[in-house]
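If you read the sequences in order, they're chains G and C. Under my numbering, the first residue of the first sequence carries the number 380, and numbering increases by one thereafter. Under my numbering, the first residue of the second sequence carries the number 36, and numbering increases by one thereafter. These notes are about the structure you will find just below.
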Amino acid sequence: MTPYFDYHALAPVIVLTAVTLIALVVDFVWKGSGRQAVPQIAGVGLLLALVPVFTLAADGETRVMFDGAYVVDDYALAFAAFFLIVGYVSLLLSYDYIAEGDFYQGEFYVLLLTSVLGMVIMASSRDLITIFVALETVSLPTFVLAGWRKHDTRSNEAAIKYFIIGVLSTAIMLYGMSLIFGMSGSTLLSDIYKTAGGDNPALFAVAIFLTLVGFAFKVSAVPFHWWAPDTYQGSPMPVTAFLSVASKAAGFVALLSVIFFGFFPSTDSWQPVLWVLAALSIIVGNLAALRQTDIIRMLAYSSIAQGGFILVPLAVAGTNDAAKSSFEAVIIYILIYAAMNLGAFACVIANARRTHSTAVSSFAGLGRTSPAVAVTFSIFLFSLAGIPPFAGWFAKFVMFRSVLDAGTPAAVVLGVIAAVFSVVAFFYYGQVIRQMWFHEPADLGETGPHKVPVALVAAMSITMVVVVVIGVYPQLFARIGDVAFPVV
Amino acid sequence: MPINYFLILSAFLFCAGAYGVLARRNSVLVLMSIELMLNAVNLNLVAFSTQVQNVSGQVFALFVITIAAAEVGIGLAIVLLIYRNLRSPDLDRVEQLKG
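Here you go:
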């Protein structure tokens, strides 16, 4: 029996695979100037893969393949488009960094594309095997990317820490998945949904717990977060941006899929786990960010805290009628978080080109030396802090709405924690803004280039448009959550 | 043969691997411990696959084996890199970044 192939539905993945291979071959065959074309090929490829995503969205039909293991619906398409755009912005961030470093060019983009390919597959996965393969396709290239600066021992350290944690979390997650398979007799999420552990709910709860611990490592939720600041600091900066946005988002998409399509009926087994993860991430992430003097470490802890905010709707999803609003909240929060965090990293990279430093104090007087970057960075930081009219407030708003929809005491307590620590977050974001606008520029002696390269400007503009437009006109994004909510 | 035997063995393997990852300082031994954990998973998958009469468990195990091979390839490459720079496979010496 031949399995049913829907080539239209697979087109984004096929295009991306083809472009990845072309980039690899071009880099391999043309030693000289041909190599310079690799980033362009990669960029065009990412945008080209968007075309079938849009034609599929226009078609609007839900396509199911391989007995339901691979589904292309609105939810999958929304995230496929999201990952392709995030991949494109990450590519823009890397362009000058890689071109000016003494690195091999082509492999970087090939690895980046492979990772994005895994993310696009992840969005469509509805089966434990597919989710596992997609998650590893996302992770494996990023281990190499983290250790990109081969002769820098800090980059080595980032890679080995990330690698060991990544593989360990995979092993724990797989052990949980193997138990789930044993109890439900199938790897399909829809079958797991139906059986809900069968006659052994206690062991099923253990299996869910192990699976969630694996995912908690991937999305760096406290107490499984300690690798993240070290890995983020040691990796090349564009890779850090990619890790903290794209691969984290991929982890959340996987979490969203397994919870909503698979574990949903066994509310008692996953809800308390996520509640604890969310509360701890918000508390520890925000408090640790307060005392950081390095901007990358600060953004690392801030992204742990933001991850906690994304977990909040998930942690209340099973109560009362909160399912739909929390599903929407998670999606919207991920999209907005990606835009503002990528933008913030673009500004950090721009500043580090000039000052050769990632200390928070290196931003002193940026408002005077390069006001455009300072304004842009301030907007992203305001957005991360959740101050209107920038997109961050809407992300926080949908999060609190899902908490109110749940309405139980546990949900309200979590909401209060989130609210209190959103205020704490003002302090560390504000500290950077104060440095930029109210401190004298340090005398740097010989400084790097003042001019911000075109690719970085493009990355800043794309993310800035998203952050401002969504902040001012959020209805545009509210529809995405509406459309994507699956009928389970 | 009751499935419990397999499950107990795999739980033991998994715990031994987890202990190895946490306690061992030599990075190659850490990699081997992770392999042990993944093999525990494979044992579970194949045992369950026979019990519930669904071949997808064995397919899952095949994928785990394949990806574990890729993981070890990358892992050894990183370990080799560290060995070149620090002249030691000891993980305790990799500690410049502190939070």
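For each residue, glycine too, the CB sits at the ideal point set by N, CA and C. Please read these numbers as outputs of a predicted model, since none were measured by experiment.
Where residue i meets chain C, residues with beta-carbon distance less than 7 Å
| i | result |
| --- | --- |
| Thr526(G) | Sequence inspection shows Gly at residue 526(G); the Thr mentioned does not correspond to that position. The answer, in chain order, is Ile113, Leu116. |
| Ala738(G) | Result: empty, since nearest Cβ-Cβ is about 15 Å, beyond 7 Å. |
| Ala668(G) | Going along chain C, no residue has its Cβ under 7 Å from Ala668(G), so there is no contact; the nearest lies around 11 Å. |
| Ala633(G) | Neighbours of Ala633(G) on chain C: none; closest Cβ ~15 Å, over 7 Å. |
Contact list for residue i against chain G, beta-carbon separation under 9 Å
| i | result |
| --- | --- |
| Phe95(C) | Leu507, Ile508, Phe511, Leu553, Met556, Ser557, Phe560, Thr566 |
| Asn120(C) | Lys529, His530, Asp531, Thr532, Asn535 |
| Ser62(C) | Ile539, Ile543 |
DSSP bridge partner residues for residue i (one or two, in chain order)
| i | result |
| --- | --- |
| Arg442(G) | Val451(G) |
| Leu567(G) | Asp506(G) |
| Asp673(G) | Ala738(G) |
| Asn61(C) | Asp125(C) |
Length of the line joining the Cα atoms of residue i and residue j
| i | j | result |
| --- | --- | --- |
| Lys529(G) | Ser123(C) | 16 Å |
| Leu492(G) | Val512(G) | 16 Å |
| Leu64(C) | Leu57(C) | 11 Å |
| Met889(G) | Ile638(G) | Since the first and last residues shown for chain G are 380 and 867, residue 889(G) lies out of range. |
| Leu690(G) | Val408(G) | 46 Å |
| Pro382(G) | Ala388(G) | 14 Å |
| Gly371(G) | Asp453(G) | The structure shown does not extend to residue 371(G), since chain G is modelled only from 380 through 867, so no value can be given for it. |
| Val114(C) | Tyr476(G) | 25 Å |
| Val851(G) | Ile587(G) | 39 Å |
| Leu42(C) | Val81(C) | 11 Å |
| Phe462(G) | Val499(G) | 7 Å |
| Arg733(G) | Val618(G) | 19 Å |
| Thr590(G) | Ala600(G) | 14 Å |
| Ala96(C) | Thr755(G) | 49 Å |
| Cys50(C) | Val99(C) | 18 Å |
| Gly545(G) | Ser494(G) | 14 Å |
| Tyr541(G) | His604(G) | 11 Å |
| Pro768(G) | Leu760(G) | 12 Å |
| Arg128(C) | Asp609(G) | 15 Å |
| Val451(G) | Thr441(G) | 6 Å |
CB contact flag (residue i, residue j, <9 Å)
| i | j | result |
| --- | --- | --- |
| Gly593(G) | Ile551(G) | yes |
| Asp700(G) | Asp784(G) | yes |
| Phe800(G) | Ile662(G) | yes |
| Val348(G) | Met839(G) | Given that chain G is displayed from residue 380 to residue 867, the structure contains no residue 348(G) and the question cannot be resolved. |
| Ile508(G) | Thr566(G) | yes |
| Ala402(G) | Gly497(G) | no |
| Ala723(G) | Ser469(G) | no |
| Tyr716(G) | Gln671(G) | no |
| Val739(G) | Ile683(G) | no |
| Leu721(G) | Ala620(G) | yes |
| Leu634(G) | Leu714(G) | no |
| Ala774(G) | Gly687(G) | no |
| Ala764(G) | Val695(G) | no |
| Ser534(G) | Pro651(G) | no |
Residue i - containing alpha helix (DSSP H), residue span
| i | result |
| --- | --- |
| His387(G) | 386-408 |
| Pro651(G) | 646-669 |
| Met839(G) | 833-851 |
| Phe642(G) | No alpha helix (DSSP H) holds Phe642(G); DSSP gives it neither H nor E. |
| Met815(G) | 788-817 |
| Pro750(G) | 750-764 |
| Gln88(C) | Neither: Gln88(C) is in no alpha helix (DSSP H) and is coded neither H nor E. |
| Phe631(G) | 627-636 |
| Asp784(G) | 771-785 |
| Gly613(G) | 606-613 |
| Met36(C) | No alpha helix (DSSP H) holds Met36(C); DSSP gives it neither H nor E. |
| Gly593(G) | 580-597 |
| Phe621(G) | 616-621 |
Contacts that residue i makes with chain G (C-beta to C-beta distance below 8 Å)
| i | result |
| --- | --- |
| Ala51(C) | None at all; the shortest Cβ gap to chain G is about 12 Å. |
| Phe47(C) | Residues of chain G passing the Cβ test: none, with the nearest at roughly 12 Å. |
| Ser123(C) | None at all; the shortest Cβ gap to chain G is about 11 Å. |
Listed by chain order, chain G residues near residue i by CB distance under 7 Å
| i | result |
| --- | --- |
| Phe98(C) | Ile508, Phe511, Val512 |
| Ala75(C) | Tyr554 |
| Leu80(C) | Ser557, Phe560 |
| Val65(C) | Ile543 |
| Met36(C) | Those do not exist, as Met36(C) stays about 15 Å from chain G at its closest Cβ, beyond 7 Å. |
| Asn32(C) | Outside the displayed span of chain C (36 to 134) sits residue 32(C), for which this structure offers no information. |
| Gly8(C) | Only positions 36 to 134 of chain C appear in the structure, and residue 8(C) is not among them; the question remains open. |
Any chain A beta carbon closer than 9 Å to residue i
| i | result |
| --- | --- |
| Ala105(C) | Looking at the structure shown, chain A is missing, and the protein chains on hand are G and C. |
Closer than 8 Å at the beta carbon, the chain C residues around residue i
| i | result |
| --- | --- |
| Leu659(G) | In chain order: nothing, as chain C lies at least about 16 Å away. |
| Glu515(G) | Ile102, Ala105, Glu106 |
Beta-carbon neighbours of residue i, restricted to chain C and to distances below 9 Å
| i | result |
| --- | --- |
| Leu490(G) | In chain order: nothing, as chain C lies at least about 11 Å away. |
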